[in-house]
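*Asks:*
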Amino acid sequence: MRISDRVSGPAILLFGAAVIWGATKLPSVPGVRFGADLMPTLIGVGLICLGLSIFIGSLSVKVPVRILDLSEWDVPLRNKLAAIWSLAGLVIGGLLFEQVGFPLMGIIYMAVLMTLMGTKPKVTALVSILVVGALYIGFSKGLLVPLPIGLLGGLLP
Amino acid sequence: MKHSIKQIFRASVATLAVFAAVGGAQAAWPERAVTIIVPWSAGGGTDATARMVAADLQEHFGQPFNVVNRTGGGGLVGHAAIGNAKADGYTLGVITIESTMYESQGLPGVTPDDFDYIGRYNADAIGINVSTKADYGSVQDLIEAVKANPGKITASGANRGGLSHLAWAGLLNTLDISPEASNWVASAGSAPAMQQLAAGAIDVVSTSPAEARSLVEAGEVKTLALISGEKSELFPDLPTTDEAFGIKWSPMPFRGLAGPDGMPKEVVEQLSAALKDITEDKEFRDFMKSRGFSVAYQDAATFKDTVMAARTGLAETMKAVGLAK
Amino acid sequence: MTADILYHSLGMILDPVVLLSILLGAVYGLFIGALPGLTATMSTALLVPITFYMDPLPAIALIVASTAMAISAGDIPGTLLRIPGTPASAAYTDESYQMTVKGKASQALSLGFFFSAIGGLFGATVLLLTGPLLARISLNFSSFEFFWLAVLGLLTCALVSGSNVARGFVSLMLGLLIATVGLDVTTGAPRFTFGQIELMGGVSFIPVMIGMFAFSEILRGFTTNKIGEGTMPQLGRIVPFKGIGELLRKYPFSAIRGATLGTTVGALPGVGGDLAAWIAYGMSRRFSRTPEKYGTGHPEGLIEATSSNNAGLSSAWIPALVFGIPGDAVTAIAVGVLFMKGVAPGPRLFVENPTMPTAIIMTFFASNLLLFPLGFIAIKVARHVLSIPRSVIVPIILICCFLGSYAVNNTLFGVWIMLIAGIVGYLMERNGFPIAPVILGLVLGPVLERNFIMSMQISGGNLLGFFQRPIACGLGVVICTIFIFVLLKSIRSWLTGASARRREDLLTNAENVAKSRSGDH
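Chains as they are written, first to last, in the numbering used here: chain G, 515 to 671; chain L, 84 to 408; chain R, -11 to 509.
So this is what it looks like as structure tokens:
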């Protein structure tokens, strides 16, 4: 996805202005002259200048550029599905993380993605179970990261 | 392809329901690992003491007590995580005096009412440190200098509104000097403040004598007094401000064990008794001494009183310096 | 430093328990560092409970060996999968990944380990010879001097962001802005947190780094590879440490310059090795005879940055050992462990018990020497990572991204940050905004802001205060001169129309890079 500089330049400029506006809303503390708002204000000013310079620069480019270029996503449906699942799968997995637990969530996520990417079912099953199992044991037992066991809690020690 | 995803998903939701129904049977606490949340980063004083306490609790109860650091937001994130955890006795935390201050600062998330208190194991007063290059012979000299040159003496040690700041500003306030007579420079903790002091950019750092120890030994810095009412057992030579000025101002940073409000009573009692044993253990006392921390046990009820007293005392100071909202 | 002390401390080091600790620490560090998303700090924190039961020297040896190894091994996922292991290695992750894409993974990994070891040995030597002296100097640095150093770090953004400086600075501003999220240090007030308690703790750079580099790379992969056909980049012949001699002949000064810089900057508490790698990479490009090759898989900048990285790691112990002022989280933990063992860091340690600090420094030599054999094995094993088909490795990387961002603070919050950073990073790269400056901004933001605000509060808002201390004045004058020089140069090139031409090249250029990154030639 590509956006023309004639759009992104002003967008950066507006974002900078929004940051400055946000900074003025920060609570001021009596007796503090240089407080929480100083740094965001400076960043906002910087963004406004940079947005302006990108916009001016885009005017001098002779080659016409489309406002929004999505041509790179002209790929087979499988690619699109895999890309969507790589994101959406983690979102769903995250939302159900505590209930389903890491092992099951990880296995399902990996298995679906591998299937979408064209791995053979046997390899898929083997790799997803082995990798997730190793990661689960390594992280929760070795590194003491508290990973929820969830639904598999009854089956595993 | 899409179809199979749906099937897997449906199947997993169904299994979820079954397992959720089976789980939930009760047994004697602790029947599995207990998590101890530490609101400060790994390697700091709170973390080190928490890990020591956790190791001893593990020995005592025969179940793992895992320390988990939940840092950020000046301890707020971790304290909120302790206060909002499930009150089943399997999530506990080490709380510090900052937990009493968020409320007055207007930060949402956690108040001292959100905890069930188990016990305090450590409390150390804050010291007043100056550079050896400046010629303040005693804490009285320093206070006279603040009085004589309002706005000239710069102090640091934490953010504005942090405990270091409140201890120093509260001291000035108790002595009827305007807290603004000494310019507070906000720093991210005591280490950068000590660096500033050694480099000669500021005049005073209020922090615990343990944190100042190395630079004191190096002859760069000297500790003038403790902002406290009680002498320290580890630094017995240091005078306290209460005896130096005949006042009462004793903001003591503490470390203690607590859990979310509403924990089973017998769990709190078991833990409180275990903590008492640990603080009497020689190995633990030696460890604390080696880090420059004093052992100061308080049982659940006394600890709660201490916390609540700190809550009101600090809120008043914050109003006096114009920080409370 | 007498021969007697050296002899005694050597004896302490050669104790089997100490040697075993170093070896175990190194192997452990290798694993932690090679796992995406796990950092040297985390590996050290996990060691603390174990050190309770150990003598002081083996305990410290364990920490030293594991961090030295974790920092170097952090370059492995960066090189092979574009997942930087540390904020420092984010400075050169693109460069080393480009080498992998070009089939030179073996060389990239070899030079990473080799020059890490060289840098680490250099830093350890300096620590041994001039430790207390250097610490004395570093103690003169106040917020004014730190502010100027942070500004110098920001200026390197222009050098790491390739042909379009304006876009690089937009990325930098974004990083600086993300760094302001959370409870403000000055007032303790929440900033840009939108009422979320998790946001009050700020945004950790680890999930941002994982998302922006690794996740965005995978998203891009879906657009350029036909599924089922795409393979990982070719590894080339794996011969660890082959061709290092040639690199040494070709770029004789890079390693020395990088190590010197790393040692100097690393010895300043609170700034440390992270900044050193960025400045080293930028400086190397500045002084290079072929600056146009940077960013395309050129080893020169890598040598300089990676050696400064490990040198800084060693010298960060100088202020920690001599004055008990820890420069970063790792040394903070180590200082704690030392106190616990009754070995109080401080100048008295060097006077009363000089064999102890000398022995500690010796463990640095041993750990960095271990980088050679363990690096050899790691490179041998690493070949298997790239021989796995894309359709298998991508899901594995993604689940590691998930776990790595979860483990930062043991909450899903890190995962959400990682996903958002991934999408943003993807969009940024597609539009020619470089990613590395975002990480630079995230790392430098707090250093810059804290020291700026502190200095302003000390001087009462008088900007002349930034030039009143001798070191600050010197740094300030140098940096202002560089800035004015760069500004004049870019105005001149703008007037002559050179930059307009360059901008037109940019989009085609970005296109090519994106293609080659995904290994689809």
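Even for Gly, the Cβ is constructed at its ideal location relative to N, Cα and C. Values in this document were obtained by computation on a predicted structure and should not be read as measured data.
Would you please verify whether the beta carbon of R/Asn397 is less than 8 Å from any beta carbon of chain G?
*Replies:* Not an interface residue.
*Asks:* Chain G partners of R/Pro383, CB-CB under 7 Å?
*Replies:* Those within 7 Å of R/Pro383 in chain G are Met624, Leu627, Met628.
*Asks:* By how many angstroms is the C-alpha of R/Val382 removed from the C-alpha of R/Ile441?
*Replies:* Their Cα atoms are separated by approximately 44 Å.
*Asks:* Could you confirm whether any beta carbon from chain R is found closer than 8 Å to the beta carbon of L/Leu298?
*Replies:* It does; some Cβ of chain R falls within 8 Å.
*Asks:* Express the C-alpha separation of L/Leu140 and L/Ala403 in angstroms, rounding to a whole number.
*Replies:* Each residue's alpha carbon lies about 41 Å from the other.
*Asks:* Since L/Asn149 meets chain G, which of its residues come closer than 9 Å, beta carbon to beta carbon?
*Replies:* Leu658, Pro660, listed in chain order.
*Asks:* If L/Lys305 and L/Val213 are in contact, beta carbons under 8 Å, what's the gap, nearest whole angstrom?
*Replies:* At roughly 6 Å, the Cβ-Cβ gap stays under 8 Å, so L/Lys305 and L/Val213 are in contact.
*Asks:* Determine the direct distance from the alpha carbon of L/Gly202 to that of L/Phe144, and round the result to whole angstroms.
*Replies:* Spanning the two alpha carbons is a distance of roughly 17 Å.
*Asks:* State the start and end residues of the unbroken alpha helix (DSSP H) segment that holds R/Ile10.
*Replies:* It spans 4 to 22 - the alpha helix (DSSP H) in which R/Ile10 sits, taken as one unbroken run.
*Asks:* Go ahead and label R/Thr(-10) buried or exposed: buried means 16 or more other beta carbons lie within 10 angstroms of its beta carbon, across all protein chains shown.
*Replies:* Classification for R/Thr(-10): exposed.
*Asks:* May I ask you to verify whether the region 289 to 297 of chain R touches the region 334 to 348 of chain R, counting CB pairs closer than 8 Å and requiring at least 3?
*Replies:* Segments in contact, no.
*Asks:* For the region 552 to 573 of chain G, which residues have a CB atom closer than 7 Å to at least one CB atom of chain R, in sequence order?
*Replies:* Under the 7 Å Cβ criterion, the region 552 to 573 of chain G contributes Leu552, Met553, Pro554, Ile557, Gly560, Leu561, Leu564, Ser567, Ile568, Gly571.
*Asks:* Looking at R/Ala112 and R/Val318, is the spacing between their C-beta atoms short of 8 Å?
*Replies:* The answer is no: Cβ separation not under 8 Å.
*Asks:* DSSP puts L/Val151 in a beta bridge; with which residues?
*Replies:* DSSP output for L/Val151 lists L/Ile120 as bridge partner(s).
*Asks:* Between the C-alpha atoms of R/Ile198 and R/Pro434, what's the straight-line distance to the nearest angstrom?
*Replies:* Near 20 Å, if we compare the C-alpha coordinates of R/Pro434 and R/Ile198.
*Asks:* Please list the partners that G/Leu649 has in chain R, where partner means a Cβ-to-Cβ separation under 8 Å.
*Replies:* Ile387, Cys388, Leu391, listed in chain order.
*Asks:* Tell me the DSSP bridge mates of G/Leu684?
*Replies:* Lying outside 515 to 671, the shown extent of chain G, residue 684 of chain G is not represented and no answer is given.
*Asks:* Which residues of chain R have a Cβ atom closer than 8 Å to the Cβ of G/Val605, listed in chain order?
*Replies:* Residues of chain R passing the Cβ test: Leu407.
*Asks:* Excluding five sequence neighbours on each side, which residues of the same chain lie with their C-beta closer than 7 Å to the C-beta of G/Val521?
*Replies:* Counting only Cβ-Cβ distances below 7 Å, and skipping sequence neighbours, we find Ile581.
*Asks:* Roughly how many angstroms separate the alpha carbons of L/Leu190 and L/Pro334, rounded to a whole number?
*Replies:* Using only the alpha carbons, I get a separation of about 21 Å.
*Asks:* Is there a C-beta anywhere in chain R that falls below 8 Å from the one on G/Gly664?
*Replies:* So, not an interface residue.
*Asks:* Taking 8 Å as the threshold (beta carbon to beta carbon), is L/Ala281 in contact with chain C?
*Replies:* Of the protein chains in the structure, G, L and R, none is chain C.
*Asks:* Does the beta-carbon of R/Trp361 have 16 or more other beta-carbons within 10 angstroms, so that it is buried, or is it exposed?
*Replies:* The question names Trp, but residue 361 of chain R is Pro in the sequence shown. Exposed: under 16 other Cβ atoms inside 10 Å.
*Asks:* Which residues in the same chain as R/Ala61 place their Cβ atom closer than 6 Å to its Cβ, once the five residues preceding and following it in sequence are excluded?
*Replies:* Within the same chain, R/Ala61 has close Cβ partners Leu18, Gly21, Ala22.
*Asks:* Have a look at L/Val193, L/Gly312, L/Gly345, L/Leu309 and flag the residue whose alpha-carbon is nearest the alpha-carbon of L/Asp171.
*Replies:* Of the candidates L/Val193, L/Gly312, L/Gly345, L/Leu309, the one whose C-alpha sits nearest the C-alpha of L/Asp171 is L/Gly345.
*Asks:* Tell me, please, which residues DSSP counts as bridged to L/Arg338.
*Replies:* Answer is L/Thr179, L/Asn205, bridged to L/Arg338.
*Asks:* Got a sec: which bits of the region 153 to 185 of chain R sit with their beta carbon under 9 Å from any beta carbon on chain L, in order along the chain?
*Replies:* For the region 153 to 185 of chain R, which is checked against every Cβ of chain L, the residues closer than 9 Å are Gly170, Leu171, Asp172, Val173, Thr174, Thr175, Gly176, Ala177, Pro178, Thr181, Gly183, Ile185.
*Asks:* Does DSSP classify L/Gly107 as helix, strand or coil?
*Replies:* Because the pLDDT at L/Gly107 is just 39, under 50, the model does not fix this residue reliably, and the value given afterwards should be weighed accordingly. It is coil, neither helix nor strand.
*Asks:* Grab me the residues of R/Lys90's own chain with a C-beta within less than 6 Å of its C-beta, minus the 5 sequence neighbours each way, in chain order.
*Replies:* Closer than 6 Å at Cβ, skipping near neighbours: Gly285.
*Asks:* For L/Thr132, return the contacting residues in chain G, with the cut-off set at a CB-CB distance below 7 Å.
*Replies:* Going along chain G, no residue has its Cβ under 7 Å from L/Thr132, so there is no contact; the nearest lies around 18 Å.
*Asks:* Under DSSP, the alpha helix (DSSP H) around L/Lys305 begins and ends at which residues?
*Replies:* Here L/Lys305 belongs to no alpha helix (DSSP H); instead the beta strand (DSSP E) covers 304 to 310.
*Asks:* Output yes or no for whether 8 Å exceeds the beta carbon distance between R/Val339 and G/Val641.
*Replies:* Taking 8 Å as the Cβ cut-off, R/Val339 and G/Val641 do not qualify as a contacting pair.
*Asks:* Just list the residues that DSSP pairs L/Val287 with in beta bridges.
*Replies:* According to DSSP, which records beta bridges pairwise, L/Val287 is partnered with L/Val213, L/Ala238.
*Asks:* How big is the Cα-Cα spacing for L/Tyr380 and R/Gly312?
*Replies:* If I take the Cα positions, the gap works out to 28 Å.
*Asks:* Roughly how many angstroms lie between the CA atoms of R/Phe364 and R/Lys477, to the nearest whole one?
*Replies:* Rounded to the nearest angstrom, the two C-alpha atoms are 45 Å apart.
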